[in-house]
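Quick note, the sequence shown lines up with residues 769 to 1320 if you use my numbering. Glycine included, every Cβ here is placed at the ideal spot set by N, Cα and C.
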Amino acid sequence: MGEKMEKQIGNVLVIQLERPGDIILTTAFLKLAREKYPGARLDFLQMDSFQGIVEGAPFVDNVLYFPVALYGANKNALERMSDSGEGIDDALLLDGGLREEIRRLSGYDVVYNLAHDAFSLWLNTQLDAPEKHGGVMAPDGRRFFLDLWNIYLVAFVHGFRNENRIHLLDLYKGCAGAVGSGVTLPYINCEAVEIEEGLVALSPGASSYAKAWPAEHFAALSDRLSAEGYKTVLVGGGADRALCERVYSLCAVKPLNMCGKTTVAQAAGLLKKCRILISHDTGTIHMAAAVGTPVLYISCGEEAYFRETSPYSGGNYIMQTALGGGYGGADISPESVMALFGYMEGSVSGEALAEKTAAQGVPLAFYVSYLFSEQCDGVGGIGFRPLFRGAASQEAFYIELLRYALVAGMGGYTILERGIAEIGNNVGSAFAAVDGDVEAMIHLTQRSERELASIAESFMQGAEMLMNPSRHQELAELLVRIQEKEAGFEVLAESGGVLQPVFCTLSWALKMVLDEAPEAIFATSARIYAAFARVLETQAMLLSKVRLGDGR
């Protein structure tokens, strides 16, 4: 975690007003925040509709609840105000109970906002804490994020989601300043329950049905599992009750239906006793990971990006439809899921898995999750190894390495030789060889690094010139040169598509520079360019040292 804070921090508030899965992933951040502020009171603010997840956690002093009705009544209004560019009418918003909530949340020394919706940004802005992290909102409705980790998240959501390799939990850890902390697993409040062990849990509920596997398929899978001698149980929250009842009604052999019949803690205890959980993108997969139950994750639909929101533990198996092909959950057959389940159980070979799923006519990719050490990754993150290894394009190879370079560059982390060896093993387990000109990518990356380092140096010079009126003409000439250099890097980024994640994140970071004094803007811009120069310096080093078989 690094050195503890020197100044005395009395009260810390962490805000997460998103869904249950996000709350579970945030618990890793809370563990690290406790280490960072050992003597402080650490409070956690979440929506009151998701109670029971964090309660009992030894690293949190108080779990606070924000009224979901108050949130819902103001979120849409804030979105409209922010998007219109006409500014935020605080007086209008502060009617109807919000003023009392903000008063209740006053008096904190430090606030971390890990949510990204307009309301959470506005709320963070309204609080009186002298030190704030995460998103805030300007009076005119513009949204700002105060660290590179949050900015990176915004950038990949808007520009390169399929190329992102950093899990949401790892981004949270970066926000906590946890570079060099090793793996941190999520937590969930868990209560022991009396139930048969070894059941196969099925969770049909989903927050987005664009990423859901159909109820009919869950029922067919349950019957196939029953035919193989496995007992199944339906799990989910109260909102999933009708869907689980539909699945139950479609099953020839009736599963145990526990949906909506447990508290969150009891549901976690139930999952802990299960053999495996089979589900799509839902909060239940994060509950299972937190209690150590393996997950078969059905990642389907055009909005499914398992690398950012998969269950955070090793040994989970993912099946992914091809993005861009128009495939949805209905295209993944129960036979394909049953084949992967058999592979996990050891009753189906890799060759048989490939044959059985290919026969269904829908292109699928299969992955297994594994955890990094802090030697190769500053946040000790999670990776996904393909079950069927092949050659990589030079772009795919570049993207896999870029994950490590981004974490190192944004976190000021140096990857040592033993870490480079581990990265080689990780990437080598994904690709047998690289099909492309790696030397050309090294040259492009080194040239781009020099451009960014030069721009950073120019901004530092500009900050000095700004303080000296006699050098203002010289400053004007320097600004012209900076613009020329920025345009030059943009051309480089466009000519080499592998640079797009760096260029996109850098562009968003520069947009997020707050309206401050000119000297502060210069200094902030210099830090941003220097950080991404470090990213590319690390990337060039990895490209030159990580080797894959004869094809490299």
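Distance between Ala1036 and Leu1024, taken at the CA atoms: about 16 Å. By the 16-neighbour rule on beta-carbons within 10 angstroms, Phe1257 is buried. At a Cβ-Cβ threshold of 7 Å, Ile1223 and Tyr1297 count as neighbours.
In this structure, the CA atom of Lys1041 is about 38 Å from the CA atom of Gly1179.
Pairing Leu1247 with Leu1278, the inter-Cα distance amounts to about 15 Å. Distance between Pro1269 and Gly1097, taken at the CA atoms: about 28 Å. Put simply, the backbone Cα of Thr795 is about 45 Å away from that of Met1233. Inclusion of Thr1050 and Ser971 in the CB contact set at 7 Å is warranted, their separation being smaller than that value. Nearest C-alpha to Ala1058 among Tyr955, Val1259, Pro1102: Tyr955. Per DSSP, His926 is not a residue of any beta strand (DSSP E); the alpha helix (DSSP H) it occupies stretches across 916-927.
Separation of Arg1186 and Tyr1085 (C-alpha to C-alpha, rounded to the nearest whole angstrom) is 28 Å. For Arg1302, the closest C-alpha among the options Asp896, Thr1213, Glu984 is that of Thr1213. Nearest C-alpha to Glu1190 among Val1314, Lys900, Met1228: Val1314. Taking the CA atoms as reference points, Val1281 sits about 8 Å from Phe912. Counted as a single uninterrupted DSSP element, the stretch harbouring Thr1061 is not any beta strand (DSSP E), since DSSP gives it neither H nor E. Ile1044 is a Cβ neighbour of Pro1062, given a cutoff of 7 Å. Of the other Cβ atoms in all chains shown, 16 or more fall within 10 Å of the Cβ of Glu1168; this residue is therefore buried. Residue pairing from DSSP leaves Ile1191 without any beta-bridge partner.
The three-state reading of DSSP puts Ser1238 in helix, counting H, G and I together.
Using a C-beta cut-off of 8 Å, the segment 928-940 makes contact with the segment 1076-1085, since at least three inter-stretch Cβ pairs fall below that distance.
Cβ neighbours of Leu1304 within its own chain (closer than 7 Å, five residues either side excluded): Thr1213, Ser1216, Glu1217, Leu1220, Val1270. Closest in alpha carbon position to Pro826, among Pro835, Phe812, Val878, Ser949, is Phe812. If you draw a straight line from the Cα of Asp1099 to the Cα of Ala1122, it comes to about 16 Å. Here Glu1284 carries a coil assignment [DSSP, helix/strand/coil]. For Gly903, the enclosing beta strand (DSSP E) begins and ends at 899-905. Taking C-alpha positions only, Glu1252 is separated from Leu873 by approximately 47 Å. Contact check between the segment 1106-1115 and the segment 1001-1008: fewer than three CB pairs, one atom from each, fall below 8 Å, which does not count as touching.
Under DSSP, Phe1199 forms a beta bridge with Gly1158. A contact is defined here as three or more CB-CB pairs under 8 Å, and the segment 779-787 meets this definition with respect to the segment 812-821.
By the neighbour-count criterion, in which 16 or more other beta carbons inside 10 Å mark a residue as buried, Leu1184 falls on the exposed side.
Cβ neighbours of Pro835 within its own chain (closer than 6 Å, five residues either side excluded): Asp816. Note on geometry: alpha-carbon atoms of Phe1134 and Arg871 lie some 50 Å from one another.
Gly1004 carries a coil assignment under DSSP once its states are collapsed to helix, strand and coil. For Gln1034, the uninterrupted alpha helix (DSSP H) segment begins and ends at 1032-1040.
Between the alpha carbons of Asp790 and Ser1081 lies a distance of about 15 Å. For Thr795, the enclosing alpha helix (DSSP H) has its first and last residue at 788-804.
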